[in-house]
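Numbering (our numbering), first residue to last: 50 to 500.
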Ligand code: TRP
């Protein structure tokens, strides 16, 4: 089984697949709405710091575990720490991405709907454009249908396997998405009133910083880099032995951060130009971008429709590559540990995510009265995962690599047996971050939340 385990074809493919997992709705949908909800520039600064000192060490820790063991999370714990309680970390990391997949695919469904809606934006009135989202998500059938369609797409690609399915797909769509976001950002910046949005993104107001801002920023960093649940671990297990863990980690993080900031600039200026409140919540991208496309439509309806369609198509692709990586964690577990066939594993996970996703979708409509600790179902699951489960998983990964694994093994994996010079040079610092800084930081955030 070991021998014919698939691997990614090249360094470019590794970064593209990892970036494909990292870059998704987290950057384009979640980041702008979090930044808007938690006060703009100050949030962004904390988010960047959290990405560097908390998230990166975990990225490296997961990469080391994944490639060292050559298996998914659960199998990795069995191999590197057989017969220990570390296997529970395996369970945690199989469960959380499947929960995330459930509500993620609801938002994925929104982009499916908007793909088709692209043909209408240019011709709608301004009020209809910004008001459409609220009507849409509170309805019953359409969002559930769209969620189902999205999930089926994910299942389809995951069935195709690593090389054929995931790799080919990500390589094509990521560059297109990048170009489109730049076009939209430039257009958004040209709208009257957009200057306030730029100011909101670059002028920090630190008086707004509270423990919940820090938690949200940390959660966003984890969510955006797909950390804490073994996604990166599983992908790293598909990495060849001569790949560079440091380089692919930094490459992925760079693209991910870049995309988030770009998305911020594509959305926030237009939010102000459209007179939408920056703290408007999860729908903000879906309210704002149609406004941009509507405005573009006054110049050229065809161009506006074209850009909108391409945009939602590539967002959909970005969301798919991320969702695929969530499903793949569970599939790796069920096939490798439980001896299930790939098809059966995909079916089981899809069913689970479908049912939970329906509940999440309904929580914007008929089930909006259902409150768990003060949140609707969708928000509750998102907060549970992003603010608690991902950091918890990340914390355990750093403890595992920093304190359980032999430092010489970690060194060996991080530097490819001492052959990579730059990796050797930064190893001490990275180990310090993995052992002390990241765990202490995460624990501090947990404590500040509980107090
Ligand atoms: N990072 C992805 C995004 O930004 C989402 C994602 C994929 C994810 N895999 C994950 C989030 C695992 C948490 C855990 O859209």
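We treat Cβ as the ideally placed atom computed from N, Cα and C, and that holds for glycine.
Using a Cβ-Cβ distance cut-off of 8 angstroms, the segment 133–153 and the segment 297–308 are not in contact, since fewer than three pairs of beta carbons, one from each stretch, lie closer than that value.
By a beta-carbon distance limit of 8 angstroms, residue 199 contacts residue 154. Their separation comes to about 5 angstroms. Sixteen is the threshold: since fewer than 16 other Cβ atoms of the shown chains lie within 10 Å of the Cβ of residue 493, the residue is exposed. Distances between the C-beta of residue 266 and the heavy atoms of ligand 1 are all 7 angstroms or more. Here the segment 167–178 makes contact with the segment 340–355; the two share three or more CB pairs at distances below 8 angstroms. A check of alpha carbon separations from residue 159 across 337, 185 and 363 identifies 185 as the nearest. A direct Cα-Cα distance of roughly 11 angstroms separates residue 239 from residue 247. For residue 145, the closest alpha carbon among the candidates 349, 435, 93 and 258 is that of 435. The C-beta of residue 165 has fewer than 16 other C-beta atoms within 10 Å across all chains shown, which makes the residue exposed. Short note on residue 278: C-beta closer than 7 angstroms to some heavy atom of ligand 1. For residue 374, the Cβ falls inside the 7 angstroms cut-off from some heavy atom of ligand 1. Residues of the same chain with a CB within less than 6 angstroms of the CB of residue 73, apart from the 5 flanking positions on each side, are 367, 368 and 371 in chain order.
With 16 or more other Cβ atoms inside 10 Å of its own Cβ, residue 365 counts as buried.
Look at residue 72 here: in three-state DSSP terms it is coil, with no helix or strand label. Take residue 415, set aside five residues on each side of it, and the residues of its chain with a beta-carbon closer than 8 angstroms to its own are 189, in chain order.
Nearest to residue 82 by alpha-carbon distance, out of 171, 201, 97 and 328, is 328. Taken in chain order, the whole beta strand (DSSP E) runs of length 3 or more contained in the segment 56–119 number zero. When distances are taken from the beta-carbon of residue 73 to the heavy atoms of ligand 1, the shortest one is below 7 angstroms. In the displayed model, residue 426 falls within a helix according to three-state DSSP. CA-to-CA, the gap between residue 143 and residue 382 works out to about 7 angstroms. Boundaries of the alpha helix (DSSP H) around residue 197: 190–208. Here residue 378 is near residue 283, since their CB atoms are less than 8 angstroms apart.
For residue 132 and residue 454, the gap between their C-alpha atoms comes out near 15 angstroms. Closest option to residue 64, judged by alpha-carbon separation, among 301, 289, 255 and 221: 301.
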